[in-house]
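**Q**
Chains as they are written, first to last, in our numbering: chain A, 1 to 532; chain B, 533 to 930.
1) Residues bridged to residue 708/B by DSSP?
2) What does a CB cutoff of less than 6 Å around residue 502/B pick up in its chain, not counting 5 residues either side in sequence?
3) Using a Cβ-Cβ cutoff of 8 Å, what residues of the region 863-892 of chain B are near chain A? List them in chain order.
4) Step through the CB atoms of chain A and report whether any lies within less than 9 Å of the CB of residue 741/B.
5) Excluding five sequence neighbours on each side, which residues of the same chain lie with their C-beta closer than 6 Å to the C-beta of residue 252/A?
6) Cβ closer than 7 Å: which chain A residues qualify as neighbours of residue 751/B?
7) Could you tell me whether any Cβ in chain D is nearer than 9 Å to the Cβ of residue 834/B?
8) What distance in whole Å lies between the Cβ atoms of residue 826/B and residue 770/B, which are believed to be in contact at a cut-off of 8 Å?
9) On the CB-based measure, 16 or more other CB atoms within 10 Å of its CB, does residue 35/A come out buried or exposed?
10) If I measure Cβ to Cβ from residue 232/A and keep anything under 7 Å in the same chain, skipping five residues before and after, which residues do I get?
11) According to DSSP, is residue 105/A part of a helix, a strand, or is it coil?
12) For the pair the region 784-791 of chain B and the region 625-640 of chain B, tell me if three or more CB-CB distances fall below 8 Å.
13) So, under 8 Å CB-CB, residue 337/A and residue 355/A are touching, yes? Tell me the CB distance rounded to an integer number of Å.
14) Could you compute how far the alpha carbon of residue 838/B sits from the alpha carbon of residue 530/A?
15) From 224/A, 452/A, 308/A and 398/A, pick the residue whose C-alpha is nearest to that of residue 516/A; which is it?
16) For residue 68/A and chain B, any beta-carbon pair shorter than 9 Å?
17) What residue from 55/A, 402/A, 81/A and 9/A has the CA that sits closest to residue 524/A's CA?
18) Please work out which residues of its chain come closer than 6 Å, Cβ to Cβ, to residue 78/A, disregarding the five sequence neighbours upstream and downstream, and give them in chain order.
19) Which residues mark the beginning and the end of the beta strand (DSSP E) in which residue 277/A is found?
20) If you draw a straight line from the alpha carbon of residue 353/A to that of residue 359/A, how long is it in whole angstroms?
21) Just verifying my parser: in three-state terms, what is the DSSP assignment at residue 251/A?
22) Grab me the residues of residue 914/B's own chain with a C-beta within less than 7 Å of its C-beta, minus the 5 sequence neighbours each way, in chain order.
23) Need the endpoints of the beta strand (DSSP E) that residue 263/A sits in, please.
24) What are the start and end residues of the alpha helix (DSSP H) that includes residue 15/A?
25) When you compare the CB of residue 379/A with every CB in chain B, is at least one pair closer than 9 Å?
26) Please classify residue 4/A: does DSSP put it in a helix, a strand, or coil?
27) Can you give, in chain order, each stretch of the beta strand (DSSP E) that sits fully within the region 861-921 of chain B and has at least 3 residues?
28) Would you say residue 545/B reaches chain A, if we count a Cβ-Cβ gap shorter than 9 Å as a contact?
29) Between the C-alpha atoms of residue 496/A and residue 526/A, what's the straight-line distance to the nearest angstrom?
30) Going by other Cβ atoms of all chains shown within 10 Å of its Cβ, with 16 needed for buried, is residue 896/B buried or exposed?
31) Distance cutoff 9 Å, beta carbons only. Does residue 83/A sit that close to anything in chain B?
32) Check distances from the C-beta atoms of the region 665-693 of chain B to those of chain A and list, in chain order, the residues that come in under 7 Å.
33) Here's the rule I'm using: 16 or more other beta-carbon atoms within 10 Å means buried, otherwise exposed. How should residue 685/B be labelled?
34) DSSP on residue 647/B, reduced to helix/strand/coil?
35) Flag this pair as yes or no: are the beta carbons of residue 518/A and residue 66/A separated by less than 9 Å?
36) Distance check for residue 322/A and residue 863/B, CA to CA, integer angstroms please.
Right, dumping it as structure tokens:
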């Protein structure tokens with residue numbers, strides 16, 4: 001079966017798998033990407049669950065898609081457009097709102113309306129965060145060195161990080177160290193007094209973690225999300241045309257143009273190991289494919305505990321992977337609408353065409369306590385009665401997402417724990433949907449009657465559909481003990497694995513989750529470095 | 533009080549223009565942008581529908597038995613070949629084959645044409661019309677114009693216009709009605725995307741603007757100023773008089789002038805057309821001997837630029853909008869040309885420029901360096917000569 005012979009097999013047709021495939025094909029390799037589902041894209045897919053209404057089903061914003069990937073793979077030629085998502089509005093329980101607009105002065109004036117003190121602190125806070133983000137950003141593109149190794153490569157890597165750290169001022173270093181250990185609530189309370197401001201900022205520190213704003217370590221996540229903002233005009237932060245499926249679609253087109261073969265409905269059963277080396281994969285349908293290298297773009301648990309028999313890995317490695325935290329904590333509610341929700345805090349005049357609010361995000365995060373209380377429910381296995389919501393209106397950013405005059409709305413909802421008391425079922429899914437709708441209704445009373453169709457996605461559904469163990473949107477929580485040279489485990493954060501010929505390049509690898517593509521690109525580069 | 537003119541859309545545009553950043557365009561107020569950042573306006577061009585007031589364009593109606601002959605004589609295109617309803621883009625030159633101005637010629641009727649220009653050309657047209665049976669009227673004030681650009685514009689026009697525009701081909705014009713008002717719609721623009729220009733009597737301007745805005749609301753329409761258009765036109769490889777070249781009538785010295793060949797307009801110079809046209813002999817000579825200069829696209833190597841900024845501890849800092857300023861282009865220590873407009877391309881995620889390079893450096897693929905300013909110091913970032921346009925979506929001409 002010569003046609004099943006490849007240079008590289010990539011398991012998983014999500015955006016990282018496709019990026020890795022494209023980079024390998026670009027280097028002249030014969031590559032096949034195997035995707036379990038009938039469409040490629042993984043958790044970055046857009047589907048018409050209700051005819052005419054396109055849902056960006058799971059991931060919904062492009063956070064940090066690497067600009068070099070966009071350029072190297074010529075993604076704009078293949079349809080990629082990253083549209084601006086210019087604002088965040090937080091409606092408040094008293095009927096007022098807090099707006100963060102894309103103009104600095106407008107935002108400062110807006111905060112001033114609520115707290116003159118916070119308006120001043122805001123500038124300084126932004127500078128400190130931007131500097132810290134700038135300090136950390138170069139590290140994203142470094143292959144994580146293993147600090148305990150004596151190999152030249154690792155030492156060079158460490159040296160680079162060391163040099164970088166040394167180039168920071170004491171103040172910056174202090175800020176970075178603090179960010180790495182604090183809770184987002186503690187950090188924000190040092191700076192601000194206005195509840196809605198603190199709540200909204202704190203929210204970005206808990207996204208994708210099973211933590212509350214008062215849990216230590218959340219300040220780092222806040223920074224992680226801040227990084228998309230430091231590139232100014234060059235930012236790749238926004239909403240992709242056609243949703244996240246537009247991102248993977250453009251990468252898919254680019255990969256195909258480079259000669260990558262993409263097989264759909266090709267579920268991998270096992271990686272074939274011969275003489276201590278990965279030499280191919282066996283599919284669920286009985287087909288066997290052989291290759292020089294195999295890369296997994298699935299989550300760490302599937303990659304190491306499911307696709308490969310445990311005997312091929314050291315015990316401690318297996319244990320470390322078993323302990324890798326992948327607790328899903330969030331769900332997604334996608335809604336098809338006959339009209340836009342009209343927020344009482346900032347009502348629109350004409351069908352919402354004039355509404356600046358709907359062109360950006362709307363955040364239900366009136367205070368830190370509100371979010372911490374939502375976390376309290378989740379800690380004990382319950383859906384948050386009043387969850388944190390991050391909502392966008394894709395049809396207002398890309399009018400092609402819904403029929404003319406109609407709309408779609410994407411609601412990220414946290415917390416919806418994977419380990420729900422009593423387990424997930426249809427009734428629980430309805431409960432999650434109702435928690436979201438009744439929460440929105442408080443701020444936009446017309447929502448319920450505007451609903452044309454609704455898709456509720458629990459972490460169990462994320463697991464079942466997108467194939468992410470535990471349903472964690474980052475393939476593994478962005479916790480301090482799970483990032484950088486510790487991701488997914490110490491010593492194996494450089495995209496190689498203890499099994500020769502087996503590589504790992506997905507969100508569960510350095511530098512982590514989000515529609516970033518960095519893991520796939522860096523893994524492909526490491527594979528090429530090793531030669532094949 | 534002396535004031536610039538306002539366009540027929542001013543009542544609407546002035547109410548919408550939040551940053552009050554009026555620009556001067558041929559004696560009129562033109563909105564720089566309608567929002568404080570250009571993002572939404574730029575993406576309306578590239579992803580939805582952008583409504584741009586281009587009324588300040590200078591417009592002439594040329595009418596009479598010899599109208600075609602006059603335009604055939606002054607422009608470089610073969611005007612006699614034009615069908616009624618056809619539009620051509622053209623430059624026009626002086627006797628030495630150097631560009632005076634550029635614009636579009638529309639054959640409205642057998643012997644009626646509309647010519648657009650960046651600058652007044654009436655005197656020059658009259659000079660060339662001596663002895664011809666032709667009437668030239670400047671209609672700049674009487675004819676309002678909207679440039680309607682972006683992939684969704686066809687859908688919107690199909691709703692608002694009496695006749696569908698699906699069949700309207702690239703660089704063709706049709707008579708149509710919007711709200712019962714007579715307009716001409718041409719499939720033209722200055723953005724390199726799918727787009728139309730709508731021409732109407734100045735007195736009808738407001739109801740047409742309102743209708744487009746109302747219906748366009750469901751299609752992501754946005755009023756767009758000339759700053760966002762400036763970014764799009766560079767991506768489309770389109771140049772601008774007084775920015776990317778100097779009119780031969782204004783140049784103080786010879787090297788300031790450019791020929792159509794030097795601006796990459798070879799395809800508009802119909803040397804095979806019958807008869808005399810202004811600049812013919814000089815252009816024939818240049819064609820034979822080859823041009824010394826050529827306008828090309830430049831793509832700055834981002835990684836190389838990042839390295840230069842990294843030396844001072846900064847990520848690359850370039851303006852988020854098109855810059856109309858000359859930047860030296862180097863090969864080794866020798867300056868071989870200059871960039872006349874440079875911009876960050878939000879779509880391509882690249883720093884690009886329109887550049888004028890000397891032979892032989894204008895060949896595609898040539899490695900050059902373009903000046904960048906890094907913390908007040910002049911540096912040179914690696915760049916490559918690329919084919920224009922930088923961006924051309926499949927739907928532009930389809």
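Each residue gets a CB set at the ideal place from its N, CA and C atoms; glycine is no exception. Just so we're clear, the structure is a prediction, and the values are computed from it rather than from any experiment.
**A** In brief:
1) Position 176 of the second chain, counted from the first residue, corresponds to residue 708/B. Beta-bridge pairing links residue 708/B to 715/B.
2) Outside the modelled stretch of chain B, which goes from 533 to 930, sits residue 502/B, for which no answer is possible.
3) Cβ contacts with chain A come from 876, 878, 879, 880, 881 and 882.
4) Taking the second chain and counting its residues from 1, the one referred to as residue 741/B is at position 209. So no, residue 741/B is outside the interface.
5) Numbered from its first residue, the first chain carries residue 252/A at position 252. Cβ within range, chain order: 18 and 40.
6) For this step, residue 751/B is matched to residue 219 along the second chain. Counting only Cβ-Cβ distances below 7 Å, residue 751/B has contacts in chain A at 399 and 404, in chain order.
7) Given the protein chain composition of this structure (A and B), no chain D is represented.
8) Position 238 of the second chain, counting from 1, holds the residue named residue 770/B. Position 294 of the second chain, counting from 1, holds the residue named residue 826/B. That pair is no contact at about 16 Å.
9) As a first step, residue 35/A must be located in the first chain, where it is residue number 35. Counting every other CB atom within 10 Å of its CB across the protein chains shown gives residue 35/A a total of 16 or more, marking it as buried.
10) For the purposes of this step, residue 232/A is taken as the residue at position 232 of the first chain. For residue 232/A, the predicted structure reports a pLDDT of 44, less than 50, and the residue's modelled location is therefore unreliable. The matter cannot be settled from this model.
11) Taking the first residue of the first chain as 1, we reach residue 105/A at position 105. Helix at residue 105/A.
12) Segment contact: the region 784-791 of chain B against the region 625-640 of chain B, three or more CB-CB distances shorter than 8 Å; contact assigned.
13) Translated into the one-based positions of the first chain, residue 337/A becomes position 337. Translated into the one-based positions of the first chain, residue 355/A becomes position 355. Between residue 337/A and residue 355/A the beta-carbon gap is near 13 Å, outside 8 Å, which marks them as no contact.
14) For this step, residue 838/B is matched to residue 306 along the second chain. For this step, residue 530/A is matched to residue 530 along the first chain. So the two alpha carbons sit approximately 27 Å from each other.
15) As a first step, residue 516/A must be located in the first chain, where it is residue number 516. In terms of Cα proximity to residue 516/A, the closest of 224/A, 452/A, 308/A and 398/A is 224/A.
16) As a working note, residue 68/A is residue 68 in the first chain. Chain B has a Cβ within less than 9 Å of the Cβ of residue 68/A.
17) As a working mapping, residue 524/A is identified with position 524 in the first chain. Answer by Cα proximity: 9/A.
18) For this step, residue 78/A is matched to residue 78 along the first chain. So the list reads 250, 253 and 254, once near-sequence residues are dropped.
19) Walking along the first chain from the start, residue 277/A turns up at place 277. Residues 277-283.
20) In the first chain, residue 353/A corresponds to position 353, counting from 1. In the first chain, residue 359/A corresponds to position 359, counting from 1. Computed Cα separation, rounded: 10 Å.
21) The sequence position of residue 251/A within the first chain is 251, counting from 1. Correct three-state label for residue 251/A: helix.
22) Taking the second chain and counting its residues from 1, one reaches residue 914/B at position 382. So the qualifying residues of the chain are 833, 836, 899 and 901.
23) Reading the first chain from its first residue, position 263 is the one you call residue 263/A. In the DSSP assignment, residue 263/A falls within the unbroken beta strand (DSSP E) covering 261-263.
24) Here residue 15/A refers to the residue found at position 15 when the first chain is read from its first residue. Annotation for residue 15/A: the continuous alpha helix (DSSP H) segment containing it runs 15-26.
25) Counting from one through the first chain, the residue named residue 379/A turns up at place 379. Chain B, which has no Cβ nearer than 9 Å to the Cβ of residue 379/A, makes this no.
26) Counted from its first residue, the first chain places residue 4/A at position 4. Of the three classes helix, strand and coil, the one that applies to residue 4/A here is helix, per DSSP.
27) If we require 3 residues or more, the beta strand (DSSP E) runs fully inside the region 861-921 of chain B come out as 866-877, 882-890, 899-906 and 909-918.
28) Position 13 of the second chain holds residue 545/B. Answer no: the Cβ-Cβ gap between residue 545/B and chain A never drops below 9 Å.
29) Position 496 of the first chain, counted from the first residue, corresponds to residue 496/A. Position 526 of the first chain, counted from the first residue, corresponds to residue 526/A. If I take the Cα positions, the gap works out to 8 Å.
30) Your numbering for residue 896/B matches position 364 in the second chain. Label assigned to residue 896/B: exposed.
31) What you label residue 83/A is simply residue 83 of the first chain in a count that begins at 1. Closer than 9 Å: yes.
32) If the cut-off is 7 Å between Cβ atoms, the region 665-693 of chain B has 684 near chain A.
33) Here residue 685/B is taken as the residue at index 153 of the second chain, counted from 1. With 16 or more Cβ atoms within 10 Å of its Cβ, residue 685/B is classed as buried.
34) Counting from 1 along the second chain, the entry for residue 647/B is found at position 115. Look at residue 647/B here: in three-state DSSP terms it is strand.
35) Within the first chain, the letter at position 518 stands for residue 518/A. Within the first chain, the letter at position 66 stands for residue 66/A. Yes. Within cutoff.
36) The count along the second chain starts at 1 and reaches residue 863/B at position 331. The count along the first chain starts at 1 and reaches residue 322/A at position 322. One C-alpha to the other measures close to 57 Å.
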